[in-house]
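Undergrad: Have a look at this one.
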Amino acid sequence: MKVRIKFRKYGVLKFIGHLDVMRFFQKAMRRAEIPIAFTGGYSPHMIMSFASPLGIGLTSDGEYVDIELGEPVSSAEAVKRMNAVMTEGMEIVSFRQISEEKKATGMAIVAAADYLVRVRKGCLPANWKNLFTAFYEQPEIRIIKQTKRSQQEVDIRPMIYEAEIRENELFLKLASGSVQNLKPDLVMEAFLKYAGIEEEPVFSYHRLEMYANTGTEKEQTLVTLESLGNEII
Amino acid sequence: MRKLALNDEILLKIEKPARYIGNEVNSVMKDLEKVDVRFAMCFPDVYEIGMSHLGIQILYALFNKREDVWCERVYSPWLDLDKVMREQSIPLFALESQDPIKEFDFLGITIQYEMCYTNILQVLELSQIPVHAADRTEEHPIVIGGGPCTYNPEPLADFFDLFYIGEGETVYNELLDTYKQCKAEGKTRLEFLEAAADIEGIYVPQFYEASYNADGTLQTFSVINNHAPEKIKKQVVMDVTESVYPSAPVVPYIKATQDRVVLEIQRGCIRGCRFCQAGMIYRPTRERDIEKLKSYAREMIKNTGHEEISLSSLSSSDYSQLEELVTFLIEEYQGQGINISLPSLRIDAFSLDVMSKVQDIRKSSLTFAPEAGSQRMRNVINKGLTEEDIINGAGQAFEGGWSKVKLYFMLGLPTETEEDMKEIARLSDRVARRYYEIPKEQRNGKCQITASSSFFVPKPFTPFQWAPMCTSEEYVHRASVVKHEFQQQLNRKSLKYNWHEADVTVLEGVFARGDRRTAAVIEEAYRLGCLYDSWTESFNNDLWMKAFENTGTDIEFYTLRERDTKELLPWDFIEIGVSKAFLKKEWERAKEGIITPNCRENCSGCGAAKFGGGVCYEG
Chain B
1488 MKVRIKFRKY GVLKFIGHLD VMRFFQKAMR RAEIPIAFTG GYSPHMIMSF
1538 ASPLGIGLTS DGEYVDIELG EPVSSAEAVK RMNAVMTEGM EIVSFRQISE
1588 EKKATGMAIV AAADYLVRVR KGCLPANWKN LFTAFYEQPE IRIIKQTKRS
1638 QQEVDIRPMI YEAEIRENEL FLKLASGSVQ NLKPDLVMEA FLKYAGIEEE
1688 PVFSYHRLEM YANTGTEKEQ TLVTLESLGN EII
Chain G
29 MRKLALNDEI LLKIEKPARY IGNEVNSVMK DLEKVDVRFA MCFPDVYEIG
79 MSHLGIQILY ALFNKREDVW CERVYSPWLD LDKVMREQSI PLFALESQDP
129 IKEFDFLGIT IQYEMCYTNI LQVLELSQIP VHAADRTEEH PIVIGGGPCT
179 YNPEPLADFF DLFYIGEGET VYNELLDTYK QCKAEGKTRL EFLEAAADIE
229 GIYVPQFYEA SYNADGTLQT FSVINNHAPE KIKKQVVMDV TESVYPSAPV
279 VPYIKATQDR VVLEIQRGCI RGCRFCQAGM IYRPTRERDI EKLKSYAREM
329 IKNTGHEEIS LSSLSSSDYS QLEELVTFLI EEYQGQGINI SLPSLRIDAF
379 SLDVMSKVQD IRKSSLTFAP EAGSQRMRNV INKGLTEEDI INGAGQAFEG
429 GWSKVKLYFM LGLPTETEED MKEIARLSDR VARRYYEIPK EQRNGKCQIT
479 ASSSFFVPKP FTPFQWAPMC TSEEYVHRAS VVKHEFQQQL NRKSLKYNWH
529 EADVTVLEGV FARGDRRTAA VIEEAYRLGC LYDSWTESFN NDLWMKAFEN
579 TGTDIEFYTL RERDTKELLP WDFIEIGVSK AFLKKEWERA KEGIITPNCR
629 ENCSGCGAAK FGGGVCYEG
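Protein sequence lines, in the order shown, are assigned to chains B and G. Position in the first sequence (first residue = 1) + 1487 = the working numbering. Position in the second sequence (first residue = 1) + 28 = the working numbering.
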């Protein structure tokens, strides 16, 4: 049985990197006695995959890890048992059964993610909201993307699905996943460059949610990864 | 939510910020209003090393069991954060509360190896506590040291208010009670230190005075405060089964060096190798009850979620119920994704059988520690291992499918000759030859024999405490003799030889047997910028040499001299139970190459029987 776990990562846990979050979950599974399935072979490991790694410094309300169970356990029981062994800064939101299809894992289907960028007061010029609106209204936003091997000029504008200014925060819906992936700090970097702001202000980034696309490439229908699962009773 | 001592800007700039945030699974939080004593427990090295230490986890459990005490942890900030803390005058803080160490009642430092001594000064300085005990006032925490290096605490005597000599489980509660009472009665720091000196096992260095002869040797070591005893008695837990054990150890977020459940199956070692300090200071050997160990294994796996369980002891094969314990672990955990790791096993049919069950033979290597190449040398050090044992053990392993073997040796042992050195290479070759005796079609390609040598450092409370060391140049020369001999061997293509740093060895040698005067060298080295000396990347021998020069300290006085057995040694005021007469006799027997039977074969009357238990009273 395949299960998708949604969790929050907040507070001091933002200083824990992705690999350590994986290790944390492996140990948490054992502490909570979740009947997770193992791979075969000489050194069996837990069948577990994360939808999209979250970098150090980011917090999130919508992280996902898919696991395989060896025997069933109810959603309510699993959430309770797991939350009993978490530390402050890690919270299990849901534990739901998902399709057995190989291509249905969060890692394979994630298409978009929502972020909140918090702008520290006084860090940006007073007219930053106008500047951002102008930035966002450009038909294309070309940046140099540094990959491991080369530099590449890309237009990131089509990867910004939505942008909205809320008080001192900025909401962004960005392309995410293996086909197209845009990180919020890259958007902010492009914005600073566009606005001619040289002094680097401190932003804090918070992921809100991750989505799969159940529509077509052209006509996207974004649904949360959580909504693709069903409660186990 | 807790407020961190470091801001986001700093934490996001430094390496592995998780070292400094606390909040790990099983870390203990308490209400400050309800505790009387705050204790900061420090391992003066980086977090991943310190978190791997069992002793601190034991004391953490022991202290936090008390409602009136809150024990927190602190480690050496890594070099990147060290710099930031100095620039911004941020006081060193404890991981749990994130409060400055300087506000605590105690700062306890475990002292596991000599090359952490500059880190002790770093911890004190970053905590904004005067490095010299003499400069501390009523406002400062009591700085207490413990651990194996405190069996010769003298090089650190200036920096500590107290040393706890021996195993922590015995009189710490008494010490904490005494402190609490003194605090309630408004007693001064000095009054508390005097009360502490009345507790067995507690050494207050400022209550003693050393004088020296013209030749530099210790003349007298005398008590100057009437609360201080002439002799400090090592503390020993006689009932290791009922003593406190951390059934819910703290689980780090980042990968610690020891990222596993550790079961301490016994304390002490029956073997009596003459170079080994642990083998003497932890006498008598005491076993923990197997049923207790089984229940700890279950509890600890459940409480930590670790994926590996390991046995800890100086010589696991000597645990009388090893077979039952290992069978239990395999049956309980095999196939559940929990690895079983079995260090310090003697290679024999049983251990090979067990190891073939718990590890991948093709990938893993087997380790032998002959310690010396020649039988003569192994007799000198009383390593009760014959060449036949080694070759037969290796042969069985090769026939069982292993093809990688690691061999550990020491160079620079007392009485070592060039022949003894060369035997390291020859023995390694004979192990390889044993492999090639197996018919070609039955073996798995070439074998890989990796021999490593470290240089021997004489330690206090061993039969070799009087032995001379060599110069750094001589060590390098000896390693080159061995290296050259390896090149002459028939199977040289299957052999690999590594040797350790010689400069570090010399420093370890100075501080292992140093007196109070060597404190000045440590302090000067620290002022010159020495830190993290056990890390190759930050060790700077030139600065250390400058520190010896600046303080006018003669390295060779501490290292090259063979000490007279009549000489007053800096650590003679400590009683470990094993008598000096026994050590002397062992030193004589070593020079004659006579072996001494282990504790189970025949009691040698070392003196540890006076503790009234353990192996001395078996059967």
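Yeah, the Cβ is synthetic: ideal placement off N, Cα and C, and Gly gets one too.
Taking Cβ-Cβ distances shorter than 8 Å, what residues in chain B pair up with residue 283 (chain G)?
TA: Numbered from 1 along the second sequence, position 255 holds the residue referred to as residue 283 (chain G). Going along chain B in sequence order, the residues near residue 283 (chain G) (Cβ under 8 Å) are 1507, 1510.
Undergrad: When DSSP labels each residue in this structure, what does residue 392 (chain G) get in the three-state scheme?
TA: Taking the second sequence and counting its residues from 1, the one referred to as residue 392 (chain G) is at position 364. Residue state, collapsed to three classes: coil.
Undergrad: Tell me the rounded alpha-carbon separation between residue 1454 (chain B) and residue 93 (chain G).
TA: Absent from the structure is residue 1454 (chain B), since the part of chain B shown begins at 1488 and ends at 1720.
Undergrad: Along chain G, in chain order, which residues have C-beta atoms closer than 8 Å to that of residue 1689 (chain B)?
TA: Against the first sequence, residue 1689 (chain B) aligns to sequence position 202. The contacting residues are 36, 37.
Undergrad: Counting pairs of Cβ atoms below 8 Å between the region 450 to 458 of chain G and the region 486 to 503 of chain G, do you hit three or more?
TA: No: the two stretches stay apart, fewer than three of their Cβ pairs being nearer than 8 Å.
Undergrad: When we look at the beta-carbon of residue 631 (chain G) and count the other beta-carbons within 10 Å, is it buried (16 or more) or exposed?
TA: Residue 631 (chain G) sits at position 603 when you count from the first residue of the second sequence. It counts as exposed.
Undergrad: Write down every uninterrupted run of the alpha helix (DSSP H) in the region 292 to 341 of chain G whose length is 4 residues or greater and which is fully enclosed by it, in chain order.
TA: Those alpha helix (DSSP H) runs which fall completely within the region 292 to 341 of chain G and span 4+ residues are 306 to 309, 318 to 332.
Undergrad: Of all the residues that make up the region 306 to 335 of chain G, which are near chain B by a beta-carbon distance shorter than 8 Å?
TA: So the close ones are 329, 330, 331, 332, 333, 334, 335.
Undergrad: For the region 1634 to 1642 of chain B and the region 1598 to 1612 of chain B, state whether three or more C-beta atom pairs, one from each stretch, are separated by less than 8 Å.
TA: As far as the Cβ criterion goes, the region 1634 to 1642 of chain B does not touch the region 1598 to 1612 of chain B, which means the pair count is below three.
Undergrad: Three-state secondary structure (DSSP) at residue 1502 (chain B)?
TA: For this step, residue 1502 (chain B) is matched to residue 15 along the first sequence. Residue state, collapsed to three classes: helix.
Undergrad: Compare the C-alpha of residue 360 (chain G) against each of G:392, G:498, G:329 and name the closest.
TA: The sequence position of residue 360 (chain G) within the second sequence is 332, counting from 1. When only C-alpha atoms are compared, the closest one is G:329.
Undergrad: Mind listing the chain G neighbours of residue 1537 (chain B)? Cutoff is C-beta to C-beta under 7 Å, in chain order.
TA: For the purposes of this step, residue 1537 (chain B) is identified with residue 50 of the first sequence, where counting begins at 1. Going along chain G, no residue has its Cβ under 7 Å from residue 1537 (chain B), so there is no contact; the nearest lies around 16 Å.
Undergrad: By the three-class DSSP mapping on this structure, what secondary structure does residue 144 (chain G) have?
TA: To locate residue 144 (chain G), count along the second sequence from 1; it is residue 116. Reduced to three states, the DSSP call for residue 144 (chain G) is helix.
Undergrad: What first and last residue would you give for the beta strand (DSSP E) that runs through residue 99 (chain G)?
TA: Here residue 99 (chain G) refers to the residue found at position 71 when the second sequence is read from its first residue. Segment 97 to 103, the beta strand (DSSP E) holding residue 99 (chain G).
Undergrad: Between residue 559 (chain G) and residue 107 (chain G), how many whole angstroms is the CB-CB distance? I'm expecting something under 8 Å.
TA: In the second sequence, residue 559 (chain G) corresponds to position 531, counting from 1. In the second sequence, residue 107 (chain G) corresponds to position 79, counting from 1. Confirmed, about 7 Å.
Undergrad: Is residue 525 (chain G) helix, strand or coil when you go by DSSP?
TA: To locate residue 525 (chain G), count along the second sequence from 1; it is residue 497. Note: residue 525 (chain G) maps to strand in three-state DSSP.
Undergrad: At a Cβ threshold of 8 Å, is residue 1540 (chain B) touching chain G?
TA: Against the first sequence, residue 1540 (chain B) aligns to sequence position 53. Answer no: the Cβ-Cβ gap between residue 1540 (chain B) and chain G never drops below 8 Å.
Undergrad: So who's on the other strand from residue 1489 (chain B), going by DSSP bridges?
TA: On the first sequence, residue 1489 (chain B) is found 2 positions in, with the first residue counted as 1. The partner list for residue 1489 (chain B) (beta bridge, DSSP) reads B:1555, B:1585.
Undergrad: How should residue 1558 (chain B) be labelled, buried or exposed, when 16 other C-beta atoms within 10 angstroms of its C-beta is the threshold for buried?
TA: Counting from 1 along the first sequence, the entry for residue 1558 (chain B) is found at position 71. Exposed, by the Cβ-count rule.
Undergrad: Identify every residue that forms a DSSP beta bridge with residue 173 (chain G).
TA: Counted from its first residue, the second sequence places residue 173 (chain G) at position 145. Per DSSP, G:137, G:191.
Undergrad: For a contact defined as C-beta to C-beta under 7 Å, what are the partners of residue 1515 (chain B) on chain G?
TA: Translated into the one-based positions of the first sequence, residue 1515 (chain B) becomes position 28. Neighbours of residue 1515 (chain B) on chain G, chain order: 333.
Undergrad: How should residue 150 (chain G) be labelled, buried or exposed, when 16 other C-beta atoms within 10 angstroms of its C-beta is the threshold for buried?
TA: One-based indexing of the second sequence puts residue 150 (chain G) at position 122. Residue 150 (chain G) should be labelled buried.
Undergrad: Can you tell me whether DSSP reads residue 1697 (chain B) as helix, strand or coil?
TA: To locate residue 1697 (chain B), count along the first sequence from 1; it is residue 210. If DSSP states are grouped into helix, strand and coil, residue 1697 (chain B) belongs with the strands.
Undergrad: Going by C-alpha distance, which of G:141, G:99, G:144 is nearest residue 123 (chain G)?
TA: In the second sequence, residue 123 (chain G) corresponds to position 95, counting from 1. Of the listed residues, the one whose Cα sits closest to residue 123 (chain G) is G:99.
Undergrad: What residues in the region 344 to 378 of chain G have a beta carbon less than 9 Å from any beta carbon of chain B?
TA: The region 344 to 378 of chain G vs chain B, Cβ under 9 Å: 363, 364, 365, 366, 367.
Undergrad: Give me the Cα-Cα distance between residue 478 (chain G) and residue 456 (chain G), rounded to the nearest whole angstrom.
TA: Residue 478 (chain G) sits at position 450 when you count from the first residue of the second sequence. Residue 456 (chain G) sits at position 428 when you count from the first residue of the second sequence. Looking at the two C-alpha atoms, the distance is approximately 8 Å.
Undergrad: Using DSSP with H/G/I as helix, E/B as strand and the rest coil, what is residue 256 (chain G)?
TA: As a working mapping, residue 256 (chain G) is identified with position 228 in the second sequence. Of the three classes helix, strand and coil, the one that applies to residue 256 (chain G) here is coil, per DSSP.
Undergrad: Mind checking which residues open and close the beta strand (DSSP E) that includes residue 456 (chain G)?
TA: Working through the second sequence from its first residue, we reach residue 456 (chain G) at position 428. Where residue 456 (chain G) is concerned, there is no enclosing beta strand (DSSP E), although the alpha helix (DSSP H) it sits in stretches over 446 to 464.
Undergrad: When you compare the CB positions of residue 264 (chain G) and residue 194 (chain G), do they come within less than 8 Å of one another, or not?
TA: For the purposes of this step, residue 264 (chain G) is identified with residue 236 of the second sequence, where counting begins at 1. For the purposes of this step, residue 194 (chain G) is identified with residue 166 of the second sequence, where counting begins at 1. Yes, these two residues count as a Cβ contact at 8 Å.
Undergrad: Between the alpha carbons of residue 74 (chain G) and residue 1683 (chain B), how many angstroms are there, rounded?
TA: Taking the first residue of the second sequence as 1, we reach residue 74 (chain G) at position 46. Taking the first residue of the first sequence as 1, we reach residue 1683 (chain B) at position 196. Near 42 Å, if we compare the C-alpha coordinates of residue 1683 (chain B) and residue 74 (chain G).
Undergrad: For residue 279 (chain G), which residues in chain B fall below 8 Å Cβ to Cβ?
TA: By 1-based counting over the second sequence, the position of residue 279 (chain G) is 251. Result: 1514.
Undergrad: Threshold first: 3 residues or longer. Then list the beta strand (DSSP E) segments lying entirely within the region 335 to 423 of chain G, N to C.
TA: Complete beta strand (DSSP E) runs here, min 3: 336 to 340, 367 to 369, 394 to 399.
Undergrad: DSSP beta-bridge partners for residue 70 (chain G)?
TA: As a first step, residue 70 (chain G) is located in the second sequence; it is residue number 42 there, counting from the start. DSSP output for residue 70 (chain G) lists G:102, G:137 as bridge partner(s).
Undergrad: Does the ligand MN have even one heavy atom less than 7 Å from the beta-carbon of residue 202 (chain G)?
TA: Among the ligands in the structure shown, none appear at all, so the ligand MN cannot be discussed.
Undergrad: Does the CB of residue 1521 (chain B) have a neighbour CB from chain G at under 8 Å?
TA: Counted from its first residue, the first sequence places residue 1521 (chain B) at position 34. No, residue 1521 (chain B) does not count as interfacial toward chain G.
Undergrad: From the DSSP output, read off the bridge partner residues of residue 240 (chain G).
TA: For the purposes of this step, residue 240 (chain G) is taken as the residue at position 212 of the second sequence. G:246, per the DSSP bridge assignment.
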